[in-house]
Amino acid sequence: MDDLLAEFIAETREMLEASSGEIVAWEADPADRARLDTIFRFVHTVKGNCGFFDFPRLAELSHAAEDALADCRAGRRDPDPQLVSAVLAIIDRIAQMIDAIEAGEDISRAGPQLGDRALIDAVNDTRETSSEDGASAGKQGSNPPLHASAAEQFRNDEPSEDRRADRPADRALAGRRADPPAAQRTIRLPVDLLDRVMSGVSDMVLARNDLAHRLRQAGNQPTIDGPFERLTTILSDVRDAITRMRMQRIETLLGALPRLVRDLSAELGKQVMVDLDGGDVELDREMIETIRDPLTHIIRNAIDHGIETPAVRRANGKREIGLLTLAARQSGNTIAIVISDDGRGLEEERIAAKAIATGLISAAERSAMSRDKILNLIFEPGFSTAEVVSNVSGRGVGLDVVRQNLEKVGGSIKVASAPGHGTLFTLQIPLTLSIIAGLTVEVSGQRFAIPQSYVEEIVQASAKTLDLTQLGETALITFRGHRAVCLMLAEVLGLDTSAAATCDPTLVMLRLASGDLFALAVDRIHNHGDLVVKPLAPAVMKCGLYAGSTLLDDGQPVLLLDVANIAAAHDLVSETRAHVRAPNAEPAAQAQHDVVRAMLFTDFAGRRSAVRLELVQRIETAPVSAIDRSAARPRAVIDGTILPLIGLPDAPLANARVRLLRLSDGTCELLYAVREVADAIALTAALHPVAEDPLAEAVTLVDGQPVTLIDAHELFARFGEPRAATCRPRCCLPADNWSRTILAPLVTAAGYEVVPPEAADPATITVLFDAEFEAAEALGHAFTGPVIRLRDHPEAPAASATIYRYDRDALLAALAGAARFNHRVGGRA
Amino acid sequence: MTDTLLVIAQIAGRRCALSALDVKSVIELGAVTPIPRTPGYIAGITALRSQALTVIDCRLALGLTRHDWPTDDRAAVVADGGYAYALLVDGIEDITTAVGEPGQVPGGFGPEWSRVATGMIETMIGPALLIDLPALLAGPDTVRHETDAAA
Numbered sequence: 001m002d003d004l005l006a007e008f009i010a011e012t013r014e015m016l017e018a019s020s021g022e023i024v025a026w027e028a029d030p031a032d033r034a035r036l037d038t039i040f041r042f043v044h045t046v047k048g049n050c051g052f053f054d055f056p057r058l059a060e061l062s063h064a065a066e067d068a069l070a071d072c073r074a075g076r077r078d079p080d081p082q083l084v085s086a087v088l089a090i091i092d093r094i095a096q097m098i099d100a101i102e103a104g105e106d107i108s109r110a111g112p113q114l115g116d117r118a119l120i121d122a123v124n125d126t127r128e129t130s131s132e133d134g135a136s137a138g139k140q141g142s143n144p145p146l147h148a149s150a151a152e153q154f155r156n157d158e159p160s161e162d163r164r165a166d167r168p169a170d171r172a173l174a175g176r177r178a179d180p181p182a183a184q185r186t187i188r189l190p191v192d193l194l195d196r197v198m199s200g201v202s203d204m205v206l207a208r209n210d211l212a213h214r215l216r217q218a219g220n221q222p223t224i225d226g227p228f229e230r231l232t233t234i235l236s237d238v239r240d241a242i243t244r245m246r247m248q249r250i251e252t253l254l255g256a257l258p259r260l261v262r263d264l265s266a267e268l269g270k271q272v273m274v275d276l277d278g279g280d281v282e283l284d285r286e287m288i289e290t291i292r293d294p295l296t297h298i299i300r301n302a303i304d305h306g307i308e309t310p311a312v313r314r315a316n317g318k319r320e321i322g323l324l325t326l327a328a329r330q331s332g333n334t335i336a337i338v339i340s341d342d343g344r345g346l347e348e349e350r351i352a353a354k355a356i357a358t359g360l361i362s363a364a365e366r367s368a369m370s371r372d373k374i375l376n377l378i379f380e381p382g383f384s385t386a387e388v389v390s391n392v393s394g395r396g397v398g399l400d401v402v403r404q405n406l407e408k409v410g411g412s413i414k415v416a417s418a419p420g421h422g423t424l425f426t427l428q429i430p431l432t433l434s435i436i437a438g439l440t441v442e443v444s445g446q447r448f449a450i451p452q453s454y455v456e457e458i459v460q461a462s463a464k465t466l467d468l469t470q471l472g473e474t475a476l477i478t479f480r481g482h483r484a485v486c487l488m489l490a491e492v493l494g495l496d497t498s499a500a501a502t503c504d505p506t507l508v509m510l511r512l513a514s515g516d517l518f519a520l521a522v523d524r525i526h527n528h529g530d531l532v533v534k535p536l537a538p539a540v541m542k543c544g545l546y547a548g549s550t551l552l553d554d555g556q557p558v559l560l561l562d563v564a565n566i567a568a569a570h571d572l573v574s575e576t577r578a579h580v581r582a583p584n585a586e587p588a589a590q591a592q593h594d595v596v597r598a599m600l601f602t603d604f605a606g607r608r609s610a611v612r613l614e615l616v617q618r619i620e621t622a623p624v625s626a627i628d629r630s631a632a633r634p635r636a637v638i639d640g641t642i643l644p645l646i647g648l649p650d651a652p653l654a655n656a657r658v659r660l661l662r663l664s665d666g667t668c669e670l671l672y673a674v675r676e677v678a679d680a681i682a683l684t685a686a687l688h689p690v691a692e693d694p695l696a697e698a699v700t701l702v703d704g705q706p707v708t709l710i711d712a713h714e715l716f717a718r719f720g721e722p723r724a725a726t727c728r729p730r731c732c733l734p735a736d737n738w739s740r741t742i743l744a745p746l747v748t749a750a751g752y753e754v755v756p757p758e759a760a761d762p763a764t765i766t767v768l769f770d771a772e773f774e775a776a777e778a779l780g781h782a783f784t785g786p787v788i789r790l791r792d793h794p795e796a797p798a799a800s801a802t803i804y805r806y807d808r809d810a811l812l813a814a815l816a817g818a819a820r821f822n823h824r825v826g827g828r829a
Numbered sequence: 001m002t003d004t005l006l007v008i009a010q011i012a013g014r015r016c017a018l019s020a021l022d023v024k025s026v027i028e029l030g031a032v033t034p035i036p037r038t039p040g041y042i043a044g045i046t047a048l049r050s051q052a053l054t055v056i057d058c059r060l061a062l063g064l065t066r067h068d069w070p071t072d073d074r075a076a077v078v079a080d081g082g083y084a085y086a087l088l089v090d091g092i093e094d095i096t097t098a099v100g101e102p103g104q105v106p107g108g109f110g111p112e113w114s115r116v117a118t119g120m121i122e123t124m125i126g127p128a129l130l131i132d133l134p135a136l137l138a139g140p141d142t143v144r145h146e147t148d149a150a151a
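Order-wise, the sequence lines are chains H and Y. This note's numbering puts the first residue of the first sequence at 1, with every later residue one more than the last. This note's numbering puts the first residue of the second sequence at 1, with every later residue one more than the last.
Right under this line is the structure:
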């Protein structure tokens with residue numbers, strides 16, 4: 001019986017949730033038959049179930065609603081707004097009772113029994129008034145009986161029939177109406193069964209990895225490799241499917257919002273339309289629960305503070321009905337939810353004044369802050385703009401709590417607003433709690449993982465270039481002109497620090513959700529990838545350094561660092577002082593905008609030089625073995641391509657690795673070997689042209705020292721080599737061995753691309769043996785492109801347009817001629 | 001409690017009994033990744049297939065200060081509160097059935113042992129201390145732990 005009851009509660013809940021959107025849709029258009037049917041089915045099912053369980057109150061309520069709705073269906077009554085409100089009130093009461101039943105209360109006594117009578121009477125009452133014509137029904141709505149209806153108010157203010165077409169929200173409703181969400185067939189499963197299946201699949205993946213490892217050791221075994229590949233594919237499919245089992249469409253969350261908006265706007269005497277988009281985006285079930293409250297809070301805020309009353313809106317030349325849009329989008333491993341309203345927007349001045357009054361910022365700081373910075377102060381703890389605390393928002397829960405809750409799950413929130421035009425909140429949340437992108441780092445011989453979302457940049461440089469200084473117990477570095485605190489991971493974890501780490505650290509720059517930046521020094525970076533995060537035992541969590549554990553591909557367990565907590569423990573998280581530094585830097589950055597930015601480096605001659613930053617594609621570190629100095633000009637192999645290399649000293653290189661600047665002018669690329677890369681700088685001092693050195697564009701001063709700015713034009717003119725033309729003439733060769741091994745290399749070296757016959761187009765040059773050509777001609781096969789015929793014997797038969805196959809010059813001339821011919825044809829076409 | 005299956009293990013040279021219902025399996029302990037900045041009795045984490053187990057050194061979890069107990073590198077896998085642990089012990093002896101109910105001994109078992117023991121239980125192979133799993137996993141109490149750290 002208990003099982004049945006639980007099932008009943010769950011089923012009723014599910015139906016309530018599913019139908020709450022329908023109810024509002026029906027209210028907006030009571031004539032909509034499909035909605036009416038859905039709601040009727042709901043009350044009907046509840047009524048049936050109640051009889052079974054002996055809940056007389058529930059039965060009575062649902063019976064009354066069912067009767068009224070049945071009359072509507074049969075056409076005996078018009079579903080006027082009053083009836084709609086009465087039915088909605090009953091459905092609300094049913095929801096309350098379901099809660100009570102679940103809590104184990106005796107509903108035959110609990111709650112306001114008298115209330116039931118009034119609700120039932122309300123449904124029946126309207127029966128008499130329903131004889132009045134439909135137009136007057138709207139007027140009755142002006143003194144709302146039980147439920148102030150947003151839709152009634154729309155009707156009062158905007159009685160035109162075809163209003164639906166010009167309101168996006170209504171259009172959205174209309175769209176849904178035409179295509180009611182197809183009910184997916186579902187079954188209910190206990191979550192731990194799902195978890196068991198998931199961990200089973202994870203085990204299978206590990207077993208597969210182990211097997212793969214052994215197979216690699218055993219060498220190629222075609223009979224095993226094939227099935228093994230298949231197993232791998234199937235396994236990854238299954239894994240995807242299992243992951244999706246934990247996913248839920250965000251629709252389940254959005255479905256409840258129209259109702260929330262409707263009730264709130266009615267309560268506040270405002271008119272709001274909702275437009276929902278992206279309900280098919282899927283999210284981890286638990287994540288949906290986590291964002292439910294923050295989302296509700298933002299929507300409450302938007303309606304309470306954002307959207308103005310109809311009178312104010314009219315005065316400002318806006319439509320009386322406010323528009324609230326909510327869109328969900330998935331991009332990679334995160335989901336962005338954007339909530340925007342067309343209300344009055346955030347008032348920078350008021351927020352600033354409030355922040356100063358509450359001591360969040362000082363007046364001096366305020367004048368240095370950008371509008372964006374000020375707006376985002378609303379997420380600071382202890383900030384709430386509502387002057388009057390209404391019962392809708394401002395219940396002691398502020399946006400700071402919203403941000404905190406989102407950050408807890410690795411999300412973030414920001415706000416943008418145009419005064420008078422509206423406000424836009426952007427929420428970024430990870431797709432699941434259990435799979436995150438992570439970076440694996442090593443310190444003191446042990447590996448740890450860092451969530452990728454925090455990682456801003458990885459810096460590998462000497463302590464000197466980073467200006468690593470020890471101030472008291474704190475280490476500071478200079479990163480892009482900012483001073484940032486540098487934590488030694490080994491110290492944080494109480495591990496032995498290796499000497500290498502302190503003098504030549506690898507820094508992971510971490511950006512907290514609050515915007516604060518700090519560096520974490522590690523010994524080595526391993527790799528990054530998706531990590532499946534498992535919870536840690538409470539005793540381990542208590543130390544506050546770890547967020548979970550994960551297993552690497554080889555099955556080795558690795559701890560995931562809790563970056564936010566570590567930063568908090570070291571007092572690195574945004575407080576007021578953090579605001580002081582950040583905004584000051586911003587105007588400076590803007591001022592630098594039209595200044596020449598350059599990469600400062602020391603070349604092998606010891607000369608301090610700079611090259612315009614736009615030219616620098618990347619800084620490469622290559623082993624000396626990748627450099628080839630055998631030809632007149634040295635070259636180096638980077639990423640599988642050979643590029644010209646300049647700047648090498650005449651003497652052999654002392655180091656095993658060399659730093660290379662990869663420069664590009666858009667088409668050519670070349671490498672510039674340097675002794676040390678210093679930093680990206682802005683060239684603020686005057687540039688003095690240098691006439692005597694053609695490779696120098698100018699000489700300028702950086703920090704009081706002369707720096708030579710490399711002349712890019714001369715550099716590329718002298719050393720640049722265009723990459724192989726992207727569109728080389730194509731050439732189709734015979735399929736025999738000789739052609740493949742002897743002819744093809746020659747043709748390729750001459751700058752032609754060898755393509756298989758299937759890929760041939762009219763411009764493709766066809767090379768083939770004379771015998772083949774004659775056979776093809778005899779069969780009536782026409783060649784679309786130019787044809788070069790080869791013969792086996794040096795002596796040509798009379799009047800033959802063939803070329804001896806070892807006559808290199810004639811062959812190349814023929815190819816060039818054919819390519820030119822194509823070019824002319826192409827030019828004319 | 002008659003016929004209750006027990007896993008008999010040696011912890012710090014004493015014979016202890018764990019309810020077989022609590023013990024999921026007995027594993028050969030592979031590589032254990034230490035967890036910096038955690039109390040000493042947490043030896044680290046280890047992987048059991050795709051599961052991560054927290055390894056608890058039972059000798060240290062008792063609050064005993066000696067660190068050189070021998071071990072046969074086998075560990076009992078137990079679950080508590082939804083988390084899986086591997087209990088590092090001196091050795092796993094046997095699986096046997098209990099004879100009678102757990103009882104107390106006049107004078108107790110000594111402070112460390114009394115904290116984690118439900119009582120003495122007679123088994124087919126002799127008397128053993130019946131271990132209270134949550135108490136063991138909670139580790140030595142804070143005061144004792146601090147003195148440990150100081151020592």
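We treat Cβ as the ideally placed atom computed from N, Cα and C, and that holds for glycine.
| Item | Value |
| --- | --- |
| Status (buried if at least 16 other CB within 10 Å, exposed otherwise) for Tyr806 of chain H | exposed |
| Where Met120 of chain Y falls: helix, strand or coil (DSSP) | strand |
| Pair within 8 Å by beta-carbon distance, Ile374 of chain H and Glu407 of chain H | no |
| DSSP three-state assignment for Gln248 of chain H, whether helix, strand or coil | strand |
| Whole-number beta carbon distance between Gln428 of chain H and Val311 of chain H, since they are thought to touch under 8 Å | Reading off the sequence shown, one finds Ala at residue 311 of chain H, where the question assumed Val. The Cβ separation is near 37 Å, so there is no contact. |
| Through-space distance from Arg59 of chain Y to Ala43 of chain Y, alpha-carbon basis | 11 Å |
| Of the listed residues H:Pro729, H:Ala622, H:Ile646, H:Arg629, nearest to Ile638 of chain H (C-alpha basis) | H:Ala622 |
| For Asp22 of chain Y and Val78 of chain Y, the rounded distance between their alpha carbons | 6 Å |
| Chain H residues whose Cβ lies nearer than 7 Å to that of Ala52 of chain Y | Lys534, Ser549, Leu551, Pro557 |
| Inter-stretch contact (C-beta, 8 Å, three-pair minimum) for the stretch 486-495 of chain H and the stretch 402-420 of chain H | no |
| Contacts of Thr46 of chain Y in chain H (Cβ-Cβ under 7 Å) | Pro557 |
| Three-state class that DSSP yields for Gly322 of chain H in the structure shown | strand |
| Continuous beta strand (DSSP E) stretch holding Ile11 of chain Y: start and end | 5-11 |
| Beta-carbon proximity list for Ile450 of chain H, same chain, < 7 Å, skipping 5 on both sides | Gly438, Leu439, Val441, Val508, Leu561, Val563 |
| Cβ-Cβ distance between Leu695 of chain H and Ile681 of chain H below 8 Å | no |
| Burial state of Ala547 of chain H, where buried means 16 or more other Cβ atoms lie within 10 Å | buried |
| Against chain Y: residues of the stretch 194-221 of chain H by CB proximity under 7 Å | Ser199, Ser202, Asp203, Leu206 |
| Exposure of Asn376 of chain H, with buried meaning 16 or more beta-carbon neighbours within 10 Å | buried |
| Close beta carbons around Leu495 of chain H, own chain, < 6 Å, minus the five adjacent residues each side | Ser444 |
| Segments assigned beta strand (DSSP E), at least 3 residues, entirely inside the stretch 22-99 of chain Y | 23-28, 42-48, 51-57, 74-80, 83-88, 91-97 |
| Buried versus exposed call for Ala4 of chain Y [16 or more other C-beta atoms within 10 Å across all chains shown] | Residue 4 of chain Y is actually Thr in this sequence, not Ala. With 16 or more Cβ atoms within 10 Å of its Cβ, Thr4 of chain Y is classed as buried. |
| Positions along the stretch 463-496 of chain H whose CB lies within less than 7 Å of some CB in chain A | The question asks about chain A, but that chain is absent: this structure's protein chains are H and Y. |
| In DSSP terms, what Gln446 of chain H is bridged to | H:Val443 |
| CB contact below 8 Å: Val191 of chain H versus chain Y | no |
| Beta-bridge partners of Lys534 of chain H, as assigned by DSSP | H:Ser549 |
| Residues of its chain near Gly13 of chain Y, where Cβ-Cβ distance is below 8 Å and the 5 sequence neighbours each way are ignored | Trp69, Asp90 |
| Residue of H:Pro786, H:Arg657, H:Val624 minimising C-alpha distance to Ala830 of chain H | The displayed coordinates of chain H run from 1 to 829. Any statement about residue 830 of chain H would go beyond what the structure contains. |
| Bridge partners - Pro134 of chain Y, DSSP secondary structure assignment | DSSP, once it has assigned bridges, lists no residue as partnering Pro134 of chain Y. |
| Beta-carbon proximity list for Leu648 of chain H, same chain, < 6 Å, skipping 5 on both sides | Pro634, Ala673 |
| 8 Å Cβ shell around Gln834 of chain H - same chain, five flanking residues per side excluded | The question about residue 834 of chain H has no answer here: the residues shown for chain H are numbered 1 through 829. |
| Ranges of the beta strand (DSSP E) found wholly within the stretch 776-820 of chain H, counting only runs of at least 3 | 787-791, 802-804 |
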